[in-house]
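Here the structure comes first, spelled out in structure tokens, and everything after it is commentary.
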Amino acid sequence: GVEAEEIAVICPSLERRRASLETAFTTFGLPYALEGRVKLAQLPFGHALCGLLRFVWLGGGRSDLFSFVRSPYSEVTRSSADYLEGRLRGRGIHSPDRIEAELISLRNGRRLADLELLEAAESPLQAVRELSTLLLKRAYGLESPPVSESARLELRAHESVRALLDELESWQELSGQALGRDDLVAALERASVSIGSADEPDRVVVSDLLQARARRFKVVFVVGLEEGSLPRRSPQHELLGDQAREKLEQKMI
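Counting from 9, one number per residue, gives the positions in the sequence shown under the working numbering.
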């Protein structure tokens, strides 16, 4: 008898609990609205994008490449990705050059178009701008607008990337200094994405403590009632322990 938007699920950290909560709500077919922000690299789109950039630009390893290759944004099928990963692990191959050579061999002498795009772009900013758009089109196509919850979140991630690139491009023009590849990757990994608003009707609100502190609900479920997690404890003083600090404060009073 309670409207969905009058119910809230609150947790200390949405980043830590988001995946399990999404799985639970999706499994039971319950409409929900996430409220807050998460790191771009924690979303499938950002994870795949940052993994590919680390592999190509920063000499990353197998895990970086396969965070991209095993995603829906890659040209490689899931079965081919599984076969290649097993082959590389079995032979103990870690060098980026050897990994790419094995990937080219698997694809009958063809390189990934994404690698060529990153190498041919005039600047790192242009490369990421073109690549992020290409990955999104590859995953969802252009035939019909994506309407699923995951697709909506991926679109928000893409928009966050575009906004960050615009900001970095403006800074680059003002400073007159070119942005390095390592700085761009670091900026993308630090970027956050708004994962939704609690104002959507007919949806259970899923939020963290800070976002929900000024809201009113009829029913609230609190997740993560572990000691030391909720309520949060103040950090240990570097010089004095809790008991010693309390005794000192009492003497001062």
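Note that beta-carbon positions come from the ideal geometry of N, C-alpha and C, so glycine has one too.
It should be emphasised that the depicted structure is a prediction, and the values quoted were computed from it without experimental measurement.
In the three-state reduction of the DSSP assignment, S200 falls in the strand class, which pools E and B.
When DSSP reads this structure, K47 sits in a beta bridge with S200. About 12 Å separates the CB atoms of L57 and V201; that is not less than 8 Å, and the two are not in contact. Separation of G37 and G67 (C-alpha to C-alpha, rounded to the nearest whole angstrom) is 42 Å. A distance below 7 Å separates the beta carbons of L96 and R70. Boundaries of the alpha helix (DSSP H) harbouring S87: 86-99, taken from the DSSP string. Secondary structure of L144 (DSSP, three-state): helix. By the neighbour-count criterion, in which a residue is buried when 16 or more other Cβ atoms sit within 10 angstroms of its Cβ, H55 is buried.
Taking a contact to require three or more Cβ pairs closer than 8 Å, the stretch 183-190 and the stretch 137-147 do not qualify as touching.
Within its own chain, the residues whose Cβ lies closer than 6 Å to the Cβ of E177, once the five positions on either side in sequence are excluded, are L133, listed in chain order. The stretch 13-29 and the stretch 223-234 touch, with no fewer than 3 CB-CB distances between them shorter than 8 Å.
Separation of the CB atoms of S168 and A199 is rounded to 6 Å, and the pair is thereby assigned contact status at 8 Å. Residue range 121-128 is occupied by the alpha helix (DSSP H) that includes L123. For the options E108, E130, R24, the alpha carbon positioned closest to that of R189 is the one of E130. If you look at S71, you'll find it in the alpha helix (DSSP H) that goes 70-77. DSSP places V231 outside both helix and strand once states are collapsed to three, so it counts as coil. When secondary structure is reduced to three states using DSSP, D216 falls in the strand class. Taking C-beta separations shorter than 7 Å and ignoring five residues to either side along the sequence, the partners of E110 in its chain run L92, R95, L96, I101, following chain order.
Following the DSSP letters along the chain, one finds A12 in no beta strand (DSSP E), marked with neither H nor E. Check the Cα spacing between S103 and each of L73, L48, P80: the tightest is with L73. Under the DSSP assignment, L22 falls in the alpha helix (DSSP H) whose first and last residues are 22-36.
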